[in-house]
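Okay, structure first, notes after.
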Amino acid sequence: MALQQSREQKKPNAAEAKTADTSIPEAARNPPNDAPNKKSEPTRKVVLPAGILGTSNMNSVEREIPVDEPPPLAVNSELAAIGKREPRLDGRLKVTGKARYTADVRLPGMLFAQVVTSRHPHARIRSIDTSQAERAPGVRAVYVLDRVLGNAELRDKSKELPAKYPIVRFAGQPIAAVAASTQAEADDAARLFKVEYEPLPFVVEEDEARKKGAPLVFPGAADQGETAGGGGGPQGVPQEGNVRGPVKGGPRGRPAGDINKGFSEAEVTIEGEFRTQVQTHSALETHGVVADWKEDGLTVYASTQGTSSVRDEFAAIFKLKKSQVRVITEFMGGGFGAKFGAGNVGMIAAQLSKKAGAPVRLMLNRKDEHLSVGNRPSSIQRLKVGAKRDGTLTAIHLFSYGTAGTGTGAGAGGPAQNMYKCANILTEEADVFTHAGPAAAFRAPGHPQGCFALEQVIDELAERVGLDPLALRDKIDESPARREERRVGAERIGWSRRRRAGSDTGPVKRGLGVAQSIWYRFVNLDSSCEVRITQDGSVEILSGVQDIGGGIRTVLAQVVAEELGLKASDVTVRIGDTSFPAGPASGGSVTTGSITPAARNAAFKVKQQFLEQVATALNTKPDNLLLRGGQVAVYSIHSSWSDGDSEGKTFRSKPRQILSFRQAAAKLKTEQIAARASRSDDYGGFAFKGGPDFGMGIGTYGGVQFAEVAVDTETGIIKVERVVAVHDCGRPMNPMTVESQINGGVLQGISYALYEDRILDRNTGLMVNPNLEQYKIVGSRETPKIEAILIEEYMGRSSTDAGGIGEPSTIPTAAAVANAVYNAVGVRMREMPMTPARVLAALQSTTGKGGARKA
Amino acid sequence: MNRFEWTDAATVKEAVAQLNGRAVVKAGGVDLLDRLKEGLEAPERLVNIRNIRGLDRIEENRNGLSIGPLVTLTRLSEDRLLLERYRALALAAGRAATPQIRNMATVGGNLLQRPRCWYFRQEEFHCGRKGGERCFALDGENQYHAIFDNQLCAIVHPSALAVPLMALGARVVLTSSKGTREVELERFFLTPEQNILRENVIAPDELITEVKVPPSQPSTRSFYIKQGEKESFDWPVADVAVVLQTKGNVCQKASIVLGAAAPVPWRAKSAENSLAGKIVNEQSAREAARLCMEGATPLAQNAYKLPVFEAIVRRAILKTVSS
Numbered sequence: 001m002a003l004q005q006s007r008e009q010k011k012p013n014a015a016e017a018k019t020a021d022t023s024i025p026e027a028a029r030n031p032p033n034d035a036p037n038k039k040s041e042p043t044r045k046v047v048l049p050a051g052i053l054g055t056s057n058m059n060s061v062e063r064e065i066p067v068d069e070p071p072p073l074a075v076n077s078e079l080a081a082i083g084k085r086e087p088r089l090d091g092r093l094k095v096t097g098k099a100r101y102t103a104d105v106r107l108p109g110m111l112f113a114q115v116v117t118s119r120h121p122h123a124r125i126r127s128i129d130t131s132q133a134e135r136a137p138g139v140r141a142v143y144v145l146d147r148v149l150g151n152a153e154l155r156d157k158s159k160e161l162p163a164k165y166p167i168v169r170f171a172g173q174p175i176a177a178v179a180a181s182t183q184a185e186a187d188d189a190a191r192l193f194k195v196e197y198e199p200l201p202f203v204v205e206e207d208e209a210r211k212k213g214a215p216l217v218f219p220g221a222a223d224q225g226e227t228a229g230g231g232g233g234p235q236g237v238p239q240e241g242n243v244r245g246p247v248k249g250g251p252r253g254r255p256a257g258d259i260n261k262g263f264s265e266a267e268v269t270i271e272g273e274f275r276t277q278v279q280t281h282s283a284l285e286t287h288g289v290v291a292d293w294k295e296d297g298l299t300v301y302a303s304t305q306g307t308s309s310v311r312d313e314f315a316a317i318f319k320l321k322k323s324q325v326r327v328i329t330e331f332m333g334g335g336f337g338a339k340f341g342a343g344n345v346g347m348i349a350a351q352l353s354k355k356a357g358a359p360v361r362l363m364l365n366r367k368d369e370h371l372s373v374g375n376r377p378s379s380i381q382r383l384k385v386g387a388k389r390d391g392t393l394t395a396i397h398l399f400s401y402g403t404a405g406t407g408t409g410a411g412a413g414g415p416a417q418n419m420y421k422c423a424n425i426l427t428e429e430a431d432v433f434t435h436a437g438p439a440a441a442f443r444a445p446g447h448p449q450g451c452f453a454l455e456q457v458i459d460e461l462a463e464r465v466g467l468d469p470l471a472l473r474d475k476i477d478e479s480p481a482r483r484e485e486r487r488v489g490a491e492r493i494g495w496s497r498r499r500r501a502g503s504d505t506g507p508v509k510r511g512l513g514v515a516q517s518i519w520y521r522f523v524n525l526d527s528s529c530e531v532r533i534t535q536d537g538s539v540e541i542l543s544g545v546q547d548i549g550g551g552i553r554t555v556l557a558q559v560v561a562e563e564l565g566l567k568a569s570d571v572t573v574r575i576g577d578t579s580f581p582a583g584p585a586s587g588g589s590v591t592t593g594s595i596t597p598a599a600r601n602a603a604f605k606v607k608q609q610f611l612e613q614v615a616t617a618l619n620t621k622p623d624n625l626l627l628r629g630g631q632v633a634v635y636s637i638h639s640s641w642s643d644g645d646s647e648g649k650t651f652r653s654k655p656r657q658i659l660s661f662r663q664a665a666a667k668l669k670t671e672q673i674a675a676r677a678s679r680s681d682d683y684g685g686f687a688f689k690g691g692p693d694f695g696m697g698i699g700t701y702g703g704v705q706f707a708e709v710a711v712d713t714e715t716g717i718i719k720v721e722r723v724v725a726v727h728d729c730g731r732p733m734n735p736m737t738v739e740s741q742i743n744g745g746v747l748q749g750i751s752y753a754l755y756e757d758r759i760l761d762r763n764t765g766l767m768v769n770p771n772l773e774q775y776k777i778v779g780s781r782e783t784p785k786i787e788a789i790l791i792e793e794y795m796g797r798s799s800t801d802a803g804g805i806g807e808p809s810t811i812p813t814a815a816a817v818a819n820a821v822y823n824a825v826g827v828r829m830r831e832m833p834m835t836p837a838r839v840l841a842a843l844q845s846t847t848g849k850g851g852a853r854k855a
Numbered sequence: 001m002n003r004f005e006w007t008d009a010a011t012v013k014e015a016v017a018q019l020n021g022r023a024v025v026k027a028g029g030v031d032l033l034d035r036l037k038e039g040l041e042a043p044e045r046l047v048n049i050r051n052i053r054g055l056d057r058i059e060e061n062r063n064g065l066s067i068g069p070l071v072t073l074t075r076l077s078e079d080r081l082l083l084e085r086y087r088a089l090a091l092a093a094g095r096a097a098t099p100q101i102r103n104m105a106t107v108g109g110n111l112l113q114r115p116r117c118w119y120f121r122q123e124e125f126h127c128g129r130k131g132g133e134r135c136f137a138l139d140g141e142n143q144y145h146a147i148f149d150n151q152l153c154a155i156v157h158p159s160a161l162a163v164p165l166m167a168l169g170a171r172v173v174l175t176s177s178k179g180t181r182e183v184e185l186e187r188f189f190l191t192p193e194q195n196i197l198r199e200n201v202i203a204p205d206e207l208i209t210e211v212k213v214p215p216s217q218p219s220t221r222s223f224y225i226k227q228g229e230k231e232s233f234d235w236p237v238a239d240v241a242v243v244l245q246t247k248g249n250v251c252q253k254a255s256i257v258l259g260a261a262a263p264v265p266w267r268a269k270s271a272e273n274s275l276a277g278k279i280v281n282e283q284s285a286r287e288a289a290r291l292c293m294e295g296a297t298p299l300a301q302n303a304y305k306l307p308v309f310e311a312i313v314r315r316a317i318l319k320t321v322s323s
């Protein structure tokens, strides 16, 4: 049952750039001259900063913008609140445990739920007997699922025999659930469900699943609805057995040029097969909700990346009006792309709440979290690149397949399609269904895996044509931001120290490597804020947007503070509630770039009201008032003529009166004034508009990461010692929180490169490491020295000119580590995670000491 | 988790009086809680021994070192006497688990913890060690499993402390309501062939009340190396304790025990023999390390452990005399 999904959910799918419909258009790669604003609304011309600060590229740009937009914002160094290193306003609450996460919510009479899941990877359910569970102590409601969300679905349902219960297609699939007075009672009762299975043949390995005669996950072609944040795949793709596709793609959706011609022109070709594993999101806070069903509507506390998208899915499932569903996410313990909709977890909790007539809390345990709520698909990529002897690329051909379990969207073609200049590009991406939990969007869908292949091949090409890897990229990469990032990063890490591959003679060998990131300037136009000023001088901003850890709560306060001449801590931020103006879902790295212009626009609007009313009370003109440093300065003339701060300007007059902000607020005509505003289209337009509320900005985000590693060639241990990560994200709104996201991206990338691996038992189809002990995640002793460096890139695209960093910061890390390993030992690691077993096998295969063993 | 009774024992006598076969002992509770939560065990009673006085001492006397079963791993790792004279033991204690776990985990619990095999640890797999018919690891996912004695059940023994303690020739004192007995650590652990359901000989009504280590000679030197895929919060893929009696730089007697190699802490006898009487240097260490792996029967995915063992055994032998 394809659930109708919200626009928020569908939008970021364009991130995948995998079909003609959703791919990166030409304009995004090669920005056209700005088209004049075609809107009929009145506009005005403004000049905005544009270019990379500190380079010859820094300039300004004239744009025509809607007349009610605030005036252009100067570069960060000239601002008071925006662009400053502002510690998180909620930091103290978080470290003292006072921040209330979904897992902390306790409502009067609240029940606790537990889910009954399948132990079989593929089965028909003959019967479910709930009678014993219903009689168990404390039990208030049981629920048997009649549908399962998240899996792909047969295009033609008649291809499968009708079944009383949903067919089980992976171990861990939810079957039923119970709510009881305590968690212990719910856990005990969940064991009392009698489920009779008819086990069916299954396959969990993608190589096996591709073979003719392999057990089928779906007895016909199947599609998965696009999932939020770029998960899921294109619809209606041809399927044979378990193999769906391949889908052909390239930089403009369709393949570019002719790869055969490109390869025939090549003087050098590099080819390799690269394999990446399935990674689970493993956010600290598992998926969970507290659902409170009442006659007049449903209130849901959810650990989610999208309050609006969760509300929309609940409204669809339960046929409620959107106004009858309220979703609240005060604090959120991590999502990485897997937490957008209501999902099975939300559906189960709300059903139980409806039945029991009491609020129900369902937080998944770690095992179910690994099994059933998303993962990063695996990939097996054959990548071939042709080039001239001078390094110029003539052809790129990627053939990949991977498994998204019972879902789709295992493509890895984004980097190959979009990173480098090449006339002939073809990507062919196939999904392989297996009896394993469905994938979900995961921090830059397809891109970390795609970079692992592409950036190693480019590294190899550099060596083959006798160019430094940075010099080759200077030649084939058109991004001015990445060019600057390479220069800055090389200097910081000491790239000139880099020696020929395998130069160290001892058992422990050191190396330096580099890899690049590409991401897209997605904007969610359904981003609104309200800003209020009250007579006591207090200021609030309200929006449905949620802070998933990136720090938007603090950034919103900075934006309002900048406009009103206050400190960030003077602003109360109320977010994460659908009863506030709708905010964007946090996926596709859209949050800051989407919501901060709305916040500034709203603050600007309310400021105009404020100045008007205060000026009237003071018998002067609004233009004569200046908000700065928590005060209102009253001038005899236009306040901008009196601004003596900038160099070269002199005071025309001193303020004739100074009021505190609070004193001024007391002069408001009513108790409170408020203004609401939304994100407008990018100044100068979008490269591509994917609907009324989704735009893709012109140009891309970059990022260049350098890694320094030590490889113990006797034990196979790779130690990442240092990472220099140089990134651009438009105007950095709060360098401190941007750097935090880069730290997290690098750590998640190292964890992916070296440790994380969802291991399914080949004989039973069960995951053998569904915990955080044997599912290994980078720890404190594996944390290298991380140096995050920000490039300030102004684009003149919105009233804040902010962008995103979440995804670009994790894309190149694994590839940079792999290139550093190659530089250390002179052997390519083509398979992740790069465990001691694989490192030793790779070393052995080249020294001829013994056969390589696939571990 | 099942419901159970709880006894707070104040004395050893009180504790063992409760051990009727349906009760289990709880010290730090680290491993026990995992087992209860996963439904691997459903005891009727937990006997908490944490508050028994006198079981948390570290003392050296004429007969050697006496360690109480309630001594935590943190204390072992920081004890000055151990660091000087029984270094392998202090190093092993300091490298196990995480700081938080080391603050709770006890010597007795570390020796008696159940295997971490991912098949054994999951309720869904009714494996040989749980009374089932097969070892799922043999043709399954066995990258972390045993490379010796792995035909019947391929667990590796999980205790970090057992490795240096066995190399140091330790004995455990077991107390029941009927009295006490002492068992050499080497006879304490059971191979799958001896008993696939249990890892050691302790009876259900017995409590470890002391661990005894023979006196350290001025010529005794020891070292321990753990090699995990990660350094923080990870189990070893290989670990080794080396104890050498030396005269100058000549090894008179060697004791080498491997962890994460077999269902029991694995004594490398031929390596020990090869070192005896030899100058401890790169060459002799390399030869001993090679011999350690003699007779290994790696499974489909864990042959990489052999070179890892060879590397850390050689390094540990050399470290024993060099640092």
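Read top to bottom, the protein sequences are chains P and V. Going by our numbering, the first residue of the first sequence is number 1, and it counts up by one from there. Going by our numbering, the first residue of the second sequence is number 1, and it counts up by one from there. Each residue gets a CB set at the ideal place from its N, CA and C atoms; glycine is no exception.
- Within the same chain, Cβ atoms closer than 7 Å to the Cβ of V/F4 are found at P43, E44, R45 and L46, the five residues on either side in sequence being excluded.
- Scanning the stretch 199-225 of chain P for uninterrupted alpha helix (DSSP H) segments of 4 residues or longer gives 206-209, listed from N- to C-terminal end.
- At a Cβ-Cβ threshold of 9 Å, P/A725 and P/V704 count as neighbours.
- P/G702 sits away from P/R492, with the two beta carbons spaced by 9 Å or more.
- As the crow flies, the alpha-carbon of P/P199 is around 59 Å from that of P/N601.
- At a Cβ-Cβ threshold of 9 Å, P/A209 and P/G241 count as neighbours.
- The contact set of V/F233 on chain P, defined by CB atoms closer than 7 Å, consists of G779 in chain order.
- Every beta strand (DSSP E) of 3 residues or more that sits fully in the stretch 133-204 of chain V is shown, in chain order, as 171-176 and 179-184.
- From the beta-carbon of P/L766, the residues of chain V found nearer than 8 Å are Q122, E124 and F125.
- For P/D187, the three-state secondary structure derived from DSSP is helix.
- In chain order, V768, N769 and Q774 make up the part of chain P whose C-beta sits under 7 Å from the C-beta of V/W118.
- When secondary structure is reduced to three states using DSSP, V/I208 falls in the strand class.
- Contact with chain V is absent for P/L284, since none of that chain's Cβ atoms lies less than 9 Å from the residue's Cβ.
- Bridge pairing for P/P174: P/T117 [DSSP].
- Under the DSSP assignment, P/H370 falls in the alpha helix (DSSP H) whose first and last residues are R366 to S372.
- Chain P places a beta carbon closer than 9 Å to that of V/D139, counting this residue as a contact.
- Within chain V, the residues whose beta carbon sits less than 7 Å from that of P/E782 are K230, E231 and S232, listed in sequence order.
- Under the rule that a run must span 4 or more residues, the alpha helix (DSSP H) segments found entirely inside the stretch 61-116 of chain V read 73-78, 80-85, 87-95, 99-104 and 107-112.
- Beta-bridge annotation (DSSP): P/W495 is not paired with any residue.
- Within chain V, the C-beta atoms nearer than 7 Å to that of P/T835 come from E229, in chain order.
- Secondary structure note for P/N418: its alpha helix (DSSP H) is the uninterrupted segment G414 to N418.
- When DSSP reads this structure, P/T269 sits in a beta bridge with P/G386.
- One Cα belongs to P/D292, the other to V/E210, and the distance between them is close to 55 Å.
- As the crow flies, the alpha-carbon of P/G250 is around 43 Å from that of P/E563.
- Between P/A439 and P/T427, the CB-CB gap reaches or exceeds 9 Å.
- Close to P/G716, with beta-carbon spacing below 8 Å, are these residues of chain V in chain order: Y304, P307 and V308.
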